[in-house]
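Some notes on the structure that comes next.
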Amino acid sequence: MEGTIVENNVESKNMKVQFDDVATSGPDPTSVAYRHLEFAPTGGGYRAPPAPKAQAQEPQGPLLKEHGAFRSKQLVQLGGLQSAPELNGRLARLQKFDVTAERWEVDVRGDGGSKRLKEANLLPPPKPEVPPGLSVAELKERGNECFKRSELEQAVAFYSAALDLLDVDGERKEDSSEAALRAPEADDPKYVAVLLGNRAQCFIVLCREVNGEDAEIGQEARRFAMRANMDAAQAIELDPTNGKAYYRRGCAVLGMAPSASRAKEAIHCLEVAMTGRASGGEGGVVLPNAMRHEVTNLLDYAKRRLDACVETAVPDMEQCRENCSQQ
């Protein structure tokens, strides 16, 4: 009976062999002593497993940030995929265009991974639409459902419509039909703070998605960070016990252009969040226990950001002396 060596144990002088006749030996490898093994009929001694075949790699050439009507970081909807139909309708961000392969590298939302797709499979994303007649509570619930499906733009639209009905900014008059759509708890500042916090979280995810692994924070990412900062700050003003709002403001501030003052602001917000407990901590701040590890990691990052900003601002004394002597 012939088989393939899986493991060679020199000390115990035996080998684990996966025999070809599974019906006789069973599906698992069998440990066999050297003295019971013979050379295979083909040359080469005991048979070793065949070398794995190298997978054919797609050609890769110069990578561009713009090509045709598309550009890096652009949001698209996938369509017309026959080999991966489950990705049709999913949203994705363009990264770089491979000139040789004539494909875009795209990051698919919702743990869809990175793909290389032709431009024919890239469609304009759908515009967010909010059906009329929904109450504040219904708008909030639909926003939550869209966020879970990584439909961030649609979630923002639902949260914004709910906040518009609540007239958070106090810039318009409410008619009788809109008054009927207000939830009973809509007059509770904590309820409004939750809506603002939810929308801020959407902007934070969008900021991270657009920035990706870029070393410098781009303009579009900073714009999302600023919108998240405004929502989180307003949520804190309405409900100073909302630990998530402090965390989200810390995230938002760190998503802007790096500076010592912003790093200090982020550290302050995150330290306040860390005082929170699930049942209410110092000052009544509430923070779910599941978030403490994430807040701790971000706080450490904010402190490193502050150190980097301060080190950059400190002049080189030797260079200063040299400049003075040259004058």
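If you count by our numbering, then the sequence shown holds residues 86 to 412, one letter each, in order.
The C-beta atom is built at its ideal place from N, Cα and C for all residues, glycine as well.
Only a predicted model underlies this, so the values are computations on that prediction, with no experimental measurement involved.
- The shortest CA-to-CA distance from asparagine 314 to any of Ala330, Gly303, Leu323 and Val193 is the one to Ala330.
- Boundaries cannot be given for leucine 219, as no alpha helix (DSSP H) includes it and DSSP labels it neither H nor E.
- Using a Cβ-Cβ distance cut-off of 8 Å, the segment 272-280 and the segment 304-314 are not in contact, since fewer than three pairs of beta carbons, one from each stretch, lie closer than that value.
- As the crow flies, the alpha-carbon of arginine 334 is around 28 Å from that of glycine 197.
- Taking C-alpha positions only, aspartate 316 is separated from serine 245 by approximately 11 Å.
- The residue among Gly365, Met376 and Leu339 with its C-alpha nearest the C-alpha of alanine 387 is Leu339.
- Residue environment analysis places serine 157 among the buried positions, since at least 16 neighbouring C-beta atoms fall within 10 angstroms of its C-beta.
- The alpha-carbon separation between threonine 185 and leucine 148 amounts to approximately 9 Å.
- In this structure, the beta-carbon distance from alanine 242 to alanine 285 does not fall below 9 Å.
- In this structure, the alpha-carbon of histidine 152 lies about 14 Å from that of leucine 160.
- Counting along the chain, glutamate 305 sits inside the alpha helix (DSSP H) bounded by residues 304-323.
- In the DSSP assignment, lysine 101 falls within the beta strand (DSSP E) that extends over 99-104.
- In this model, proline 209 and proline 217 are separated by some 24 Å (Cα to Cα).
- In terms of Cα proximity to aspartate 324, the closest of Leu248, Gly369 and Glu96 is Gly369.
- If the five residues before and after leucine 224 are omitted, its C-beta is found closer than 6 Å to the C-beta atoms of Phe243, Ala246 and Ala247, all from its own chain and listed in chain order.
- DSSP places glycine 335 in no beta strand (DSSP E) but in the uninterrupted alpha helix (DSSP H) bounded by 328-339.
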